[in-house]
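Engineer: Residue numbers (the working numbering), protein chains in the order written: chain G, 1 to 114; chain D, 1001 to 1117.
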Amino acid sequence: KAGVTQTPRYLIKTRGQQVTLSCSPISGHRSVSWYQQTPGQGLQFLFEYFSETQRNKGNFPGRFSGRQFSNSRSEMNVSTLELGDSALYLCASSPRDSPQETQYFGPGTRLLVL
Amino acid sequence: AQSVTQLGSHVSVSEGALVLLRCNYSSSVPPYLFWYVQYPNQGLQLLLKYTSAATLVKGINGFEAEFKKSETSFHLTKPSAHMSDAAEYFCAVSGDAGGTSYGKLTFGQGTILTVHP
């Protein structure tokens, strides 16, 4: 099976702009989770979608949002970008959103905000 | 709330030496525990996971970890380090109480493993 894919892999934006990142999960996986990785804060959970519904959300401002489509593909959007949003954004998929399920990660999208 | 502490942000070993990466967790419910590895410019790859079956868990690439409830630990070991093991390693926990666990892993800060020839 193909792994989790994320597009684009690299992105440069300026403050105030918005950005949309895309994630295609492993075929058959219905849960998609998003994480932000920075040197200072490490890996932090953004949100999780299962069958097009957001089931869980981390402690991030409302500028961070997401959605999931009927084919389980997911997008996350960050509006009004700030310098501190520069990070590696990782998505992960799993068959279900049970806590014992393995999450399979994509390669990430590296976002640089200037 | 759950939390994970990885002791030692950097660990350096010689090739062929024992690798020991430490992880302690805090959880109000029986946890599910994971070790992931991240190579430069890549995503995370699962090494192994504990889901309340055997307390000694064997993973890929010769790694294993032992769940010790009394010590709230899940340390990662490998008997003999290889140059290709150089990477960053993350311990993670899931399974929070109150229905807040959907799709959420809580990660430690990571340990960078350096392997010297």
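We put the CB at the ideal spot given by N, CA and C, even for glycine.
#1: Less than 8 Å separating the beta-carbons of residue 78/G and residue 41/G?
#2: Whose C-alpha, out of 49/G, 61/G, 33/G, is nearest the C-alpha of residue 80/G?
#3: For a cutoff of 8 Å on Cβ pairs, would you count residue 69/G as touching chain D?
#4: With a CB to CB cut of under 8 Å and the five nearest residues on each side skipped, what residues in its chain are close to residue 37/G?
#5: Using a beta-carbon distance below 8 Å, is residue 107/G in contact with chain D?
#6: Kindly provide the ranges of any beta strand (DSSP E) runs that are 3 or more residues long and lie completely inside the segment 1013-1061 of chain D, ordered along the chain.
#7: Any C-beta of chain G sitting closer than 8 Å to the C-beta of residue 1063/D?
#8: Residue 1021/D: which of 1041/D, 1070/D, 1079/D sits nearest, CA to CA?
#9: May I have the straight-line CA-CA distance separating residue 11/G from residue 92/G, to the nearest angstrom?
#10: Which runs of the beta strand (DSSP E) at least 3 residues long sit entirely within the segment 4-85 of chain G? Give them in chain order.
#11: Tell me which same chain residues have a C-beta within less than 7 Å of the C-beta of residue 68/G, skipping the five on either side of it?
#12: For residue 1044/D, collect the residues of the same chain with a Cβ closer than 8 Å to its Cβ; drop the 5 residues on either side in sequence, then sort them by chain order.
#13: Please list the terminal residues of the continuous beta strand (DSSP E) segment that includes residue 110/G.
#14: Please identify, using Cβ separations under 8 Å, the residues of the segment 1054-1080 of chain D that lie next to chain G, in order along the chain.
#15: Looking at the C-beta of residue 1039/D, does it have a partner C-beta in chain G at a distance below 8 Å?
#16: Roughly how many angstroms lie between the CA atoms of residue 1047/D and residue 1014/D, to the nearest whole one?
#17: Note down, in chain order, each residue of its chain lying with its Cβ closer than 7 Å to the Cβ of residue 1056/D, except the 5 sequence neighbours on either side.
#18: Compute every distance between the C-beta of residue 16/G and the non-hydrogen atoms of the ligand COA, then say whether any falls below 7 Å.
Structural biologist: Quick look at the numbers:
#1: no
#2: 61/G
#3: no
#4: Here the set comprises 43, 44, 87, 88, 89, 90, 108.
#5: yes
#6: 1019-1026, 1032-1038, 1044-1050, 1056-1058
#7: no
#8: 1079/D
#9: 19 Å
#10: Listed in chain order, they are 5-7, 10-13, 19-24, 31-38, 42-50, 53-57, 64-68, 74-78.
#11: Taking residue 68/G as the centre and dropping the five residues before and after it, the same chain places the C-beta of 32, 49, 52, 74 closer than 7 Å to its C-beta, in chain order.
#12: The beta carbon of residue 1044/D sits closer than 8 Å to those of 1036, 1037, 1038, 1090, all from its chain and outside the five residues before and after it, given in chain order.
#13: Judged by DSSP secondary structure, residue 110/G falls within the beta strand (DSSP E) whose first and last residues are 109-113.
#14: none
#15: Under the 8 Å criterion on CB atoms, residue 1039/D is classed as non-interfacial with respect to chain G.
#16: Their Cα atoms are separated by approximately 21 Å.
#17: Same-chain partners within the cutoff: 1064, 1066.
#18: No copy of the ligand COA appears in this structure; indeed no ligand is present at all.
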